[in-house]
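Colleague:
Number of protein chains: 2
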Amino acid sequence: MSDFSSLSVFSRLSLNSATTKKWTLAEAVDGCVRAGIPAIGPWRDRVAEAGLDKASKLIRDAGLRVSSLCRGGFLTAADAEGQAAAVADNRAAILEAVALDTRELFLVVGAWRRGRKTWWLPAGALDRLWDLVPFAVENGIRLVLEPLHPMYAADRALISTLGLPLDLAAPYDARAVGVGVDTFHVWWDPELKPQIERAGRENRIASLRP
Amino acid sequence: MSDFSSLSVFSRLSLNSATTKKWTLAEAVDGCVRAGIPAIGPWRDRVAEAGLDKASKLIRDAGLRVSSLCRGGFLTAADAEGQAAAVADNRAAILEAVALDTRELFLVVGAWRRGRKTWWLPAGALDRLWDLVPFAVENGIRLVLEPLHPMYAADRALISTLGLPLDLAAPYDARAVGVGVDTFHVWWDPELKPQIERAGRENRIASLRP
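The structure is reproduced here in structure tokens:
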């Protein structure tokens with residue numbers, strides 16, 4: 005493998021653990037170290053597998069930074085029970101992010117509600133998301149909204165464009181709500197260039213996958 | 005089959021021949037007549053199969069209206085040869101629309117160019133589309149831009165949202181450039197409701213599939 009560590013342009017490079025899906029967290033950490041990648045963005049399932057404390061120690065002992073934790077969200081359930089479960093899970097994710105010493109928690113907001121009668125963003129669909137902001141801020145965690153390609157709009161994320169989360173985040177400080185830019189998801193967005201520029205100006209970009 | 009003809013709400017209903025893909029044009033015309041659907045939107049391949057003059061006579065003799073012709077477009081080739089071929093094909097489609105006595109020609113604009121170096125709408129990508137407008141207007145044909153779901157952005161249509169074709173059409177009269185609204189393609193668009201309202205206000209809606 006190449007050693008990226010001597011190139012300053014790579015100082016902010018991070019390995020998202022979904023990129024090496026078959027690796028355990030320990031294997032991914034080792035891969036980062038061998039390749040000179042200074043940071044890792046683990047997924048919660050890999051962290052849970054290793055155990056939170058052990059995961060945190062493993063990463064720290066390897067000298068890696070945790071760029072972000074993936075992922076919370078799925079906050080668009082229509083019923084109170086589903087919403088309460090999602091909120092509890094997201095509060096847990098915020099505390100996991102704290103334990104891992106990262107400041108960024110990625111969220112996939114959740115799908116368009118089943119059975120919705122409208123063709124547009126239903127009022128209230130994201131209320132539980134905004135309710136989480138104070139708890140995240142108290143814990144020094146930024147909620148990072150990641151647009152997914154519209155092929156995932158029916159089951160994962162009603163946010164598909166980069167402009168929408170920036171519009172929705174406008175009332176919140178850039179340290180409270182950010183965005184992720186993954187070209188796998190947003191390359192088709194006709195507003196992509198101006199919205200990336202805007203996200204940069206507004207200091208909301210938590211990560212960019214070119 | 006139900007007879008829709010006595011219900012005035014169905015007076016603008018049209019069968020798009022792609023809905024009954026296995027039917028020949030004659031079978032689709034017969035299906036419309038049996039169901040009381042007063043109009044048909046044939047695809048060019050079905051018209052070509054029947055022969056243009058015969059197709060026109062077949063539809064007229066059945067007492068049906070041609071709501072639109074599907075489809076032209078694919079005008080985003082990067083090379084001059086590809087562009088010239090696309091322009092010739094679209095001029096032919098405009099004349100076919102005239103022969104079929106419809107005023108609406110649906111266009112799927114074409115894919116993001118292969119090998120493009122940018123993540124956003126490349127300047128000039130739609131120049132050949134706009135070049136066609138005078139010829140279409142002379143022949144009384146409206147060019148209807150249809151957004152397709154972004155899963156088709158790499159091979160068929162760089163227009164995915166309803167707002168984009170409305171923005172692009174702004175310099176042109178509503179009798180020259182319209183839009184199609186197919187919820188199969190645009191249901192995920194977070195701007196769908198206001199953009200449908202805008203399209204209606206601007207008299208640009210050539211068809212709506214709810």
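Chains as they are written, first to last, in my numbering: chain L, 5 to 214; chain B, 5 to 214. Backbone N, C-alpha and C fix where the C-beta goes; we use that ideal spot for every residue, glycine too. Predicted model only: the values in this text are computed from it and were never measured.
Check the Cβ-Cβ distances between Trp-192(L) and every residue of chain B, and say whether any is below 8 Å.
Modeller: It does: the Cβ of Trp-192(L) has a partner Cβ on chain B nearer than 8 Å.
Colleague: Quick check: the Cα distance between Leu-172(B) and Ala-158(B), rounded to an integer number of angstroms?
Modeller: So the alpha carbons of these two residues sit roughly 20 Å apart.
Colleague: I'd like the ranges of any beta strand (DSSP E) spanning at least 3 consecutive residues and lying wholly in the region 25 to 100 of chain L.
Modeller: Fully enclosed beta strand (DSSP E) runs of 3 or longer: 43 to 45, 73 to 77.
Colleague: Apart from the five residues on each side of it in sequence, which residues of its chain come closer than 8 Å, Cβ to Cβ, to Leu-79(B)?
Modeller: The residues are Gln-87, Ala-90, Val-91, Asn-94, Leu-111, Val-113, Gly-114, Leu-130, Arg-132, Leu-133, Leu-136.
Colleague: Can you round the beta-carbon distance between Pro-194(B) and Leu-104(L) to whole angstroms, since I take them to be within the 8 Å contact cut?
Modeller: So it is not a contact: roughly 32 Å between Cβ atoms.
Colleague: Residues of the region 154 to 187 of chain B with a CB closer than 8 Å to any CB of chain L: list them in chain order, please.
Modeller: The region 154 to 187 of chain B vs chain L, Cβ under 8 Å: Pro-154, Met-155, Ala-157, Ala-158, Leu-162, Ile-163, Ser-164, Thr-165, Leu-168, Thr-187.
Colleague: Which residues in the same chain as Ala-43(L) place their Cβ atom closer than 8 Å to its Cβ, once the five residues preceding and following it in sequence are excluded?
Modeller: Only Arg-16, Leu-17, Ser-18, Leu-19, Cys-36, Leu-68, Arg-69, Val-70, Ser-71 meet the Cβ criterion.
Colleague: Output needed for Ile-98(L): all residues of its chain with C-beta closer than 8 Å, excluding positions within five of it in sequence on either side, in chain order.
Modeller: So the list reads Gly-76, Leu-109, Leu-136, Phe-139, Ala-140, Asn-143, Ile-145, once near-sequence residues are dropped.
Colleague: So which of Thr-28(L), Ala-81(L), Gly-184(L), Gly-40(L) has the shortest CA-CA distance to Lys-58(L)?
Modeller: Ranking Thr-28(L), Ala-81(L), Gly-184(L), Gly-40(L) by Cα distance to Lys-58(L) puts Thr-28(L) first.
Colleague: What residue range is occupied by the uninterrupted alpha helix (DSSP H) comprising Ile-200(L)?
Modeller: Unbroken alpha helix (DSSP H) run through Ile-200(L): 196 to 205.
Colleague: For my contact list, Arg-160(B) and Asp-186(B) are in at a C-beta cut-off of 8 Å; report their separation, rounded to the angstrom.
Modeller: Contact doesn't hold; Cβ gap of about 13 Å is too wide.
Colleague: What is the rounded straight-line gap between the Cα of Asp-65(B) and the Cα of Ile-163(B)?
Modeller: Distance between the alpha carbons of Asp-65(B) and Ile-163(B): 37 Å.
Colleague: Pull up the DSSP beta-bridge partners for Ile-209(B), would you.
Modeller: DSSP lists Val-183(B) as partners of Ile-209(B).
Colleague: Just reading off the alpha helix (DSSP H) that Val-141(B) is part of, what are its end residues?
Modeller: Here the alpha helix (DSSP H) through Val-141(B) covers 137 to 142.
Colleague: Could you name the residues of the same chain whose beta carbon sits closer than 8 Å to that of Leu-170(L), not counting the 5 residues immediately before and after it, in chain order?
Modeller: Once the five neighbours on either side are set aside, the close Cβ partners of Leu-170(L) are Val-183, Gln-199, Arg-202, Ala-203, Glu-206, Arg-208.
Colleague: Please name the residue, chosen from Leu-62(B), Glu-100(B), Ala-178(B), that lies closest to Leu-149(B) on a Cα-to-Cα basis.
Modeller: Looking at the Cα atoms, Ala-178(B) is the closest of the given residues.
Colleague: Per DSSP, what kind of secondary structure is Ser-15(B) in: helix, strand or coil?
Modeller: Coil, per DSSP.
Colleague: According to the Cβ coordinates, are Val-181(B) and Leu-147(B) closer than 8 Å?
Modeller: Cβ atoms of Val-181(B) and Leu-147(B): closer than 8 Å.
Colleague: Here's the rule I'm using: 16 or more other beta-carbon atoms within 10 Å means buried, otherwise exposed. How should Pro-154(L) be labelled?
Modeller: So Pro-154(L) ends up on the buried side.
Colleague: Only counting the same chain, and skipping five residues up and downstream in sequence, which positions put a Cβ closer than 8 Å to that of Leu-218(B)?
Modeller: Any property of residue 218(B) remains undetermined from this structure, which presents chain B solely from 5 to 214.
Colleague: Would you mind sorting Ala-32(L) into buried or exposed? The rule is 16 or more other CB atoms within 10 Å of its CB.
Modeller: The residue is buried, with at least 16 neighbouring Cβ atoms inside 10 Å.
Colleague: Nearest-angstrom Cα distance between Gly-40(B) and Asp-83(L)?
Modeller: Rounded to the nearest angstrom, the two C-alpha atoms are 42 Å apart.
Colleague: In the DSSP assignment, what are the bridge partners of Arg-146(B)?
Modeller: Note: Arg-146(B) sits in a beta bridge opposite Glu-108(B).
Colleague: Report back the beta-carbon spacing between Ser-21(L) and Gly-55(L) to the nearest angstrom; my notes put them in contact at under 8 Å.
Modeller: Rounded, the Cβ-Cβ distance is 15 Å, inconsistent with contact.
Colleague: Is the separation between the beta-carbon of Thr-106(L) and that of Leu-73(L) shorter than 8 Å?
Modeller: Yes, Cβ-Cβ distance for Thr-106(L) and Leu-73(L) is below 8 Å.
Colleague: Is the Cβ of Glu-206(L) closer than 8 Å to any Cβ of chain B?
Modeller: No, no contact with chain B.
Colleague: Let's see if you can read the secondary structure: which residues bound the alpha helix (DSSP H) around Ala-173(B)?
Modeller: Per DSSP, Ala-173(B) belongs to the alpha helix (DSSP H) from 167 to 173.
Colleague: Can you name, in chain order, every residue of its own chain whose Cβ lies under 7 Å from the Cβ of Asp-34(L), other than the five neighbours on each side?
Modeller: There are no such residues.
Colleague: Cα separation between Gly-128(B) and Ala-52(L)?
Modeller: Those two C-alpha atoms are separated by around 50 Å.
Colleague: Between Ala-210(L) and the rest of its own chain, which residues show a CB-CB distance below 7 Å, the 5 nearest in sequence each way excluded?
Modeller: So the qualifying residues of the chain are Ser-72, Glu-108, Arg-146, Val-148, Gly-182, Val-183, Gly-184.
Colleague: In this structure, how does DSSP classify Ala-103(L) when only helix, strand and coil are distinguished?
Modeller: Of the three classes helix, strand and coil, the one that applies to Ala-103(L) here is helix, per DSSP.
Colleague: Between the alpha carbons of Lys-26(L) and Val-13(L), how many angstroms are there, rounded?
Modeller: Cα to Cα, the separation comes out at about 27 Å.
Colleague: Report the partner residues of Asp-114(L) according to the DSSP bridge assignment.
Modeller: Here residue 114(L) turns out to be Gly, not Asp, going by the sequence shown. According to DSSP, Gly-114(L) bridges with Ala-161(L).
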